[in-house]
DNA sequence: ATAGGGTTAG
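Numbering (our numbering), first residue to last: 35 to 646.
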C-alpha cells in the first residue's frame with residue numbers, strides 16, 4: 035500500500051473519527067507488511083485506537099501478542115480499560131504488573147491511574163499513588179495534576195482538589211472544569227458558581243460539569259435554573275450530556291411531568307436513540323413510578339448495554355415485579371451482555387422480594403464464581419435481606435457476623451426490619467440495642483427502632499428513640515409526603531394540615547376512615563407513643579402526611595387516575611393497611627414511593643406483598 | 001512521525 039507513516043497517519047485518523055473497523059483493516063495490513071516488527075510504534079498506536087473505539091477485546095489480544103511492551107503500551111491498555119468503564123481492572127492490572135514486572139509508572143501512566151481511581155472512588159489507592167507521584171521525577175507535570183484534581187473532585191473532596199489545582203502552573207479549561215464539578219457535586223453551589231465567574235476559560239463542557247455536578251449533589255432545582263438561564267442566553271445546549279443530566283435531575287426529584295418535558299426536549303433535538311439518554315430515561319420513568327414508560331423506552335432501543343438492562347431490571351424489582359426482573363436477567367445473558375455488580379444487587383433484591391431464597395443464594399455465588407465479581411457491602415446487605423425476609427433470621431445474622439465488612443446502619447436495619455415482621459422479638463431488641471449504641475443517623479432507622487421497642491412494650495426505649503428522632507428532625511428535614519398531580523406538587527407534613535383545603539381533606543379522610551372501619555379496619559396504635567390517650571393515638575395516625583397527601587390527590591385529580599405520592603421516610607404499617615383498603619374503596623391505583631421502594635396499592639393488595 | 005487529564009446512564 036503506502037509508506038508506513040502514511041498508514042500511521044490513517045490509524046490516527048481512525049482514532050479521531052472513531053472508525054474501529056477501518057482501523058482493523060489497517061491493523062491487518064500492518065501485520066502483512068511486517069512494519070510491526072520494527073518496534074512498539076505501530077502496536078501502541080493500534081492499541082490506543084482499539085481502546086478509544088471501545089474494542090477492548092482487540093486491544094487485549096494485541097497487547098498479549100506484543101513481544102515488546104513499553105510504558106506507552108501499558109498506558110494504552112490502561113486507557114482501554116478506563117474507557118470501557120472497567121477502572122478496577124486497570125488498578126488490578128497495574129498492581130500485578132508493578133509487583134511481577136516491576137512496572138514503574140511514568141507521567142502518562144500516572145494520569146491513567148488517577149483516572150481509574152476517580153472512576154471507582156478508590157480513595158486509599160489514589161492517595162498512595164499521589165504520594166508516590168509527588169516523590170517521582172514527574173511531580174511537576176500539569177496534566178497528571180489535572181487528573182488528580184479530577185480524582186479528588188469525584189471522590190467528593192473538593193478542597194483537596196483545590197490544593198492540587200493551586201499548584202498547577204498553567205491552568206487550562208480542563209482543570210477548571212474538574213474543580214467546578216467537584217464543588218458542585220459536593221453541594222457547594224456558591225463556591226462552584228464563584229469559580230465559574232472567575233474562570234478565564236470556559237466552554238460548554240464547563241457548563242455541563244456544573245449542571246451535572248449540581249444534579250448529583252442533590253441541588254437539582256438550582257441546576258434546572260441554571261440550565262434555563264443558559265437557554266435564555268441563547269446558548270447551544272442541545273447536547274446529550276446535558277440532557278442526560280436533566281433526566282437524572284427529574285428522576286432524583288421524582289417529578290414525572292418535568293421528566294416528560296425533558297423527554298420531549300430530547301425528541302425535539304433528535305437524541306431519542308442516544309444510549310446514555312435512553313438509559314437515563316429508563317431510570318427516570320422507573321423512579322417516577324411509570325414503569326410501563328420505562329419498558330417502552332427499553333423495548334424501542336436498538337442497542338442496549340449493561341446499564342440499560344440493569345436499569346430496567348432494578349426498576350422492575352423496585353416496583354415488586356420480581357419475576358419479570360429475573361426473566362429479564364435471563365434474556366440479558368442470552369443477548370450476550372455481561373452483568374456487573376449493580377445488576378446483581380438488582381436481581382438479588384428481586385429474589386428477596388419474591389421469597390426465592392435458593393435462587394438468590396445461587397445468584398450470589400454465581401456472581402463470584404462465574405463472573406469473578408467481588409461482592410460489596412451492598413451485596414451482603416442484599417443477602418441478609420434475602421434470608422431475613424424469609425424468616426431465616428439466624429442465617430442472616432450469620433452473614434452479618436462473617437462477612438468481610440463492618441455492617442453499616444443499612445445492613446443492621448435490614449435484619450431488624452425482618453425481625454419485626456417475623457415476630458422475633460428478643461433478637462430484634464438485641465439488634466435494636468446495638469443500633470442505638472452505634473447512634474443511628476437515619477430517621478428511617480429510628481422509626482424501625484421505635485417499632486421494635488413498641489412491640490416489645492419497652493416504652494422507655496421508645497421515648498428515648500423518639501427524643502433522638504426529634505433532635506434529628508430539627509437538624510435535618512422532617513418527614514413529609516408530596517403528591518404529584520402533574521401540574522402541581524403539594525407537600526404535606528405530619529400533623530393536622532393548615533392547607534387551604536383543610537376542611538375538604540379532613541372530610542374525605544373521615545369518610546374513608548368510616549368506610550374502611552366497616553370493612554374491618556382497626557387502627558394499629560402500637561406504633562405510636564404509649565403515653566398518649568387512645569384517641570390521641572388514633573388522631574396521630576389519622577394525620578400521617580401520606581394520608582393528607584392522598585386525600586388531596588383524590589380531591590384534585592381526574593376520576594380514576596392513579597395517585598402518585600413520594601414520602602421521604604418509610605411508610606408505617608398502619609398507613610400501609612389503610613392504603614390497601616382505600617385502593618379498594620376508591621377503585622384506583624395508589625402509588626407510594628417511600629425512602630427506598632415503591633408500593634403499588636391496587637384492589638386491596640400491595641405490590642410489595644407486605645414486605646418492606 | 002506512538003501515548004495521558006474535564007462533562008452523561010445503574
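Ideal Cβ placement from N, Cα and C applies to all residues, glycine included. Computed from a prediction, not measured in an experiment: that's the story for all the values here.
| query | result |
| --- | --- |
| Contact between the region 76 to 86 and the region 120 to 129 (3+ Cβ pairs under 8 Å) | no |
| Extent of the continuous alpha helix (DSSP H) run through residue 319 | 309 to 321 |
| Distance, residue 403 Cα to residue 426 Cα | 24 Å |
| Bounding residues of the beta strand (DSSP E) (the contiguous stretch that carries residue 515) | 514 to 518 |
| Buried or exposed by the 16-neighbour rule on C-beta atoms within 10 Å, applied to residue 593 | exposed |
| Short Cβ contact (9 Å threshold) for residue 144 with residue 163 | yes |
| Sub-9 Å separation of residue 413 and residue 398 beta-carbons | yes |
| Distance between residue 66 and residue 380 (C-alpha atoms, nearest Å) | 47 Å |
| Unbroken alpha helix (DSSP H) run spanning residue 177, endpoints | 176 to 188 |
| With 16 other Cβ atoms within 10 Å as the buried cut-off, status of residue 45 | buried |
| Sub-9 Å separation of residue 467 and residue 447 beta-carbons | no |
| For residue 202, the three-state DSSP class (helix, strand or coil) | coil |
| Residue 378 and residue 322 closer than 9 Å at C-beta | no |
| Where residue 485 falls, given that 16 or more other Cβ within 10 Å makes a residue buried | buried |
| Residue 146 burial status per 10 Å Cβ neighbour count (16 or more: buried) | buried |
| As assigned by DSSP and simplified to three states, the class of residue 43 | helix |
| Residue 629 (DSSP reduced to helix, strand or coil) | coil |
| Length of the line joining the Cα atoms of residue 71 and residue 374 | Low per-residue confidence applies at residue 71: pLDDT is 44, beneath 50, and the placement is therefore not dependable, though the value from the model is reported in the following sentence. Residue 71 and residue 374: Cα-Cα distance of roughly 38 Å. |
| Three CB pairs or more closer than 8 Å across the region 232 to 241 and the region 194 to 204 | no |
| Residue 71, DSSP secondary structure in three states | Confidence at residue 71 is low in this model, with a pLDDT of 44, below 50, so the placement of that residue should be treated as unreliable; the coordinate-derived value is given next. Residue 71: helix per DSSP, three-state reduction. |
| Beta-carbon separation (whole angstroms), residue 283 vs residue 251, contact threshold 8 Å | So it is not a contact: roughly 11 Å between Cβ atoms. |
| Secondary structure of residue 89, DSSP reduced to three states | coil |
| Other residues of its chain near residue 636: CB distance less than 7 Å, five sequence neighbours each side excluded | 617, 623 |
| Segment contact flag, the region 486 to 501 with the region 581 to 591, C-beta cutoff 8 Å, min 3 pairs | no |
| Three-pair Cβ contact test at 8 Å for the region 319 to 339 versus the region 89 to 109 | no |
| Residue 613, DSSP secondary structure in three states | helix |
| Enclosing alpha helix (DSSP H) for residue 262 [first to last residue] | 254 to 266 |
| Sequence ranges, alpha helix (DSSP H) only - wholly within the region 363 to 405, length at least 4 | 375 to 388, 391 to 403 |
| Three-state secondary structure assigned by DSSP to residue 305 | coil |
| As assigned by DSSP and simplified to three states, the class of residue 144 | helix |
| Sequence ranges, alpha helix (DSSP H) only - wholly within the region 579 to 604, length at least 4 | 579 to 590 |
| Cβ neighbours of residue 469 in the same chain (closer than 8 Å, five flanking residues each side left out) | 443, 446, 447, 450, 479, 483 |
| DSSP three-state assignment for residue 540, whether helix, strand or coil | helix |
| Rounded straight-line distance, which links the Cα of residue 316 to that of residue 12 | Any answer about residue 12 is impossible in this case: the structure gives the chain only from 35 up to 646. |
| Buried versus exposed, by CB contacts within 10 Å (16 or more), residue 365 | exposed |
| Residue range of the unbroken alpha helix (DSSP H) whose run includes residue 524 | Unbroken run through residue 524 is the beta strand (DSSP E), 523 to 527; no alpha helix (DSSP H). |
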